[in-house]
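Residue numbers for the sequence shown, in the working numbering: 1 to 422. Quick notes on the structure that follows.
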Amino acid sequence: MIETYEQAVNYIHSLPRMHKRNDLTDIKNALKKLGNPQNDYPTVHVTGTNGKGSTVNYLANLLEKTNRRVGMFTSPFVIKFNERIQINHQMISDQEIVKLVNEIIEKTQGINLIEFEFVTVMGFLYFRGKVDIAIIEVGIGAEHDKTNVITPILSIITSIGLDHEKIIGPTIQDIAIEKSGIIKPQVPVVCGTLPDSVKLIIQDKAEKEKSGLFELGEDFFVKGFQTKDYRNQFTYWEKLVTIQDIQVFGFEKTDAANAAIAIKAFILIEQMAQTQLSSRFVVQNIDDHQLLGREQIVQNHPLVLMDGAHNIDAVANLINSLNANWPKKDTIVLYTGMKDKDRADILKIIAPKVQSVYVSNLLLSRAAKKEDYDLSEFNNIEFVSDYHAKIDQIISTMTDHQIFLITGSFYLISELESHFKS
1 MIETYEQAVN YIHSLPRMHK RNDLTDIKNA LKKLGNPQND YPTVHVTGTN
51 GKGSTVNYLA NLLEKTNRRV GMFTSPFVIK FNERIQINHQ MISDQEIVKL
101 VNEIIEKTQG INLIEFEFVT VMGFLYFRGK VDIAIIEVGI GAEHDKTNVI
151 TPILSIITSI GLDHEKIIGP TIQDIAIEKS GIIKPQVPVV CGTLPDSVKL
201 IIQDKAEKEK SGLFELGEDF FVKGFQTKDY RNQFTYWEKL VTIQDIQVFG
251 FEKTDAANAA IAIKAFILIE QMAQTQLSSR FVVQNIDDHQ LLGREQIVQN
301 HPLVLMDGAH NIDAVANLIN SLNANWPKKD TIVLYTGMKD KDRADILKII
351 APKVQSVYVS NLLLSRAAKK EDYDLSEFNN IEFVSDYHAK IDQIISTMTD
401 HQIFLITGSF YLISELESHF KS
């Protein structure tokens with residue numbers, strides 16, 4: 001019997017991370033023993049290489065303001081495990097986690113769930129009887145992801161790029177095929193801008209399943225992007241609906257795309273409910289809550305930001321965003337990467353566009369160590385073993401003409417949240 005929150009979280013983290021086989025048999029069996037709670041409320045299923053968290057957040061903001069109770073199942077967490085399961089942006093309580101862990105253990109005896117399966121089951125079970133709709137973010141991929149046991153009212157593919165190639169790759173076409181597994185028969189799909197190399201894969205799957213496909217840049221658009229007072233301001237437009245001047249927290253131009261995807265998804269959901277809402281409603285509510293670790297300003301004087309970008313596309317968007325928003329400032333970067341990421345290519349993106357880069361390592365088995373890097377081709381990158389001391393040193397010597405960006409891993413962001421609050 002699990003008695004405390006600490007015991008519950010430790011139990012979850014003690015479970016295996018991977019199965020030997022890549023199927024959904026165990027989680028389906030576990031959910032069946034629990035009465036298939038995932039079928040008791042409407043869901044929206046969200047996949048994508050980048051932009052999942054922002055899109056989920058924007059969509060939840062809009063849905064909550066229609067007096068719906070909105071579940072959010074997301075990953076990773078930044079500060080506390082409970083962030084992964086929320087209702088109307090309120091985390092599941094410690095007591096509920098203890099209760100659910102015990103219930104799942106008791107009712108699924110004989111089924112060997114891995115960690116992500118267990119957490120997914122917990123989210124589905126927690127939402128039962130408490131939400132009007134739940135937005136479910138995949139872990140990795142889509143077709144074989146442990147969340148792919150639902151029949152949603154809407155599917156979302158935010159973006160397709162290179163990440164987790166060893167699991168769902170190695171090519172971008174392989175990744176697209178995996179992510180297309182989110183598309184269900186006659187369930188509409190909202191997509192971000194798709195690379196030409198994979199566009200047909202998604203279009204063919206949607207056509208095969210008779211699912212309406214709505215793609216950014218084809219069916220709905222972001223126009224007139226500009227930066228004003230460090231906020232993205234843009235115009236959302238589609239053939240039948242025009243919404244003007246939506247201001248979105250954040251700095252990336254890609255964040256405007258994530259907001260547009262959420263708006264289109266929201267419009268479709270409201271059409272299903274035969275409800276119409278004004279442009280003003282969207283403008284007033286889309287940025288109601290902000291996410292941790294997404295170009296998060298943790299200090300203003302000097303300017304320090306943290307972002308969990310950890311793959312090529314996300315890092316490229318992040319660096320381009322900072323340079324566009326502060327063209328007269330030099331950027332200093334602290335980067336820590338995982339062994340399974342394209343670290344060399346990421347550094348090739350960062351180094352030419354910033355003043356200096358300090359690479360370090362986290363105390364995790366997955367984290368890349370000094371020997372995993374070849375920094376010989378760069379003249380502005382240095383490895384540092386004590387990044388805490390380096391952070392303090394950098395901040396103490398910064399000028400108003402510099403930005404300090406901390407990036408590469410949500411694990412790093414999680415650890416440093418307390419550093420900047422102390």
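Each residue gets a CB set at the ideal place from its N, CA and C atoms; glycine is no exception.
Review point. Mind checking whether residue 309 and residue 407 have CB atoms under 9 Å apart?
Key: Yes, Cβ-Cβ distance for residue 309 and residue 407 is below 9 Å.
Exercise for review: Can you give me the Cβ contacts of residue 271 inside the same chain, cut-off strictly under 6 Å, excluding the 5 residues immediately before and after it?
Suggested key: none
Practice item. Could you check the C-alpha separation between residue 144 and residue 116 for me, to the nearest Å? Key: 12 Å
Check your understanding: Looking at the structure shown, is residue 120 part of a helix, part of a strand, or coil, going by DSSP?
Key -> It is helical.
Point to revise | Unbroken stretches of the beta strand (DSSP E), 3 residues or longer, contained in the segment 307 to 364 | key: 330 to 336 and 356 to 360
Practice item. Have a look at residue 348 and residue 394 and give me their C-alpha separation to the nearest angstrom. Key: 22 Å
Check your understanding: Are the beta-carbon atoms belonging to residue 284 and residue 65 less than 9 Å from one another?
Key -> yes
Check your understanding: If you count every other CB in all the chains shown that lies within 10 Å of the CB of residue 312, and 16 or more means buried, which is it?
Key -> buried
Exercise for review: Could you check which residue in 61, 114, 38 and 24 has the C-alpha nearest to that of residue 290?
Suggested key: 61
Practice item. Assign residue 407 to one of three DSSP states: helix, strand, or coil. Key: strand
Check your understanding: Just curious, the beta strand (DSSP E) that residue 299 is in, first and last residue?
Key -> 296 to 299
Check your understanding: Do residue 302 and residue 410 come within 9 Å of each other at the CB atom, strictly closer than that value?
Key -> Taking 9 Å as the cut-off, the Cβ atoms of residue 410 and residue 302 do not count as close.
Check your understanding: Does the separation of the CB atoms of residue 373 and residue 350 fall below 9 Å?
Key -> no
**Study point:** Nearest-angstrom Cα separation, counted from residue 37 out to residue 7
**Key:** 25 Å
Point to revise | Own chain partners of residue 89 with C-beta closer than 6 Å, once the 5 adjacent residues on each side are dropped | key: 289
Review point. In or out: residue 16 buried (at least 16 other Cβ within 10 Å) or exposed?
Key: exposed
Exercise for review: Can you grab the Cα-Cα spacing for the pair residue 354 / residue 384, in whole Å?
Suggested key: 17 Å
**Study point:** 9 Å Cβ cutoff met for residue 264 and residue 219
**Key:** Going by C-beta atoms, residue 264 is nearer than 9 Å to residue 219.
Practice item. Identify the continuous beta strand (DSSP E) that holds residue 213 and give its terminal residues. Key: Its beta strand (DSSP E) spans residues 213 to 215.
**Study point:** Per-residue DSSP class, three states only, for residue 221
**Key:** strand
Practice item. Mind the definition here: the segment 358 to 376 touches the segment 335 to 344 only if three or more C-beta pairs lie below 8 Å; say whether that holds. Key: yes
Review point. At which residues does the alpha helix (DSSP H) containing residue 281 begin and terminate?
Key: 279 to 285
Exercise for review: Go ahead and pull the three-state DSSP assignment for residue 238.
Suggested key: Correct three-state label for residue 238: strand.
Check your understanding: Is it right to say residue 213 is buried, meaning 16 or more other beta carbons lie within 10 angstroms of its own, or is it exposed?
Key -> So residue 213 counts as buried.
Check your understanding: So residue 86 and residue 92 are in contact, right, with Cβ under 8 Å, and what is the actual spacing, rounded?
Key -> Indeed they touch by this definition, with Cβ atoms about 7 Å apart.
Exercise for review: Kindly provide the ranges of any beta strand (DSSP E) runs that are 3 or more residues long and lie completely inside the segment 93 to 141, ordered along the chain.
Suggested key: 133 to 137
Review point. Taking buried to mean at least 16 other C-beta atoms within 10 Å of its own C-beta, is residue 386 buried or exposed?
Key: exposed
**Study point:** DSSP state of residue 367 mapped onto helix, strand, coil
**Key:** strand
Point to revise | Enclosing alpha helix (DSSP H) for residue 62 [first to last residue] | key: 52 to 64
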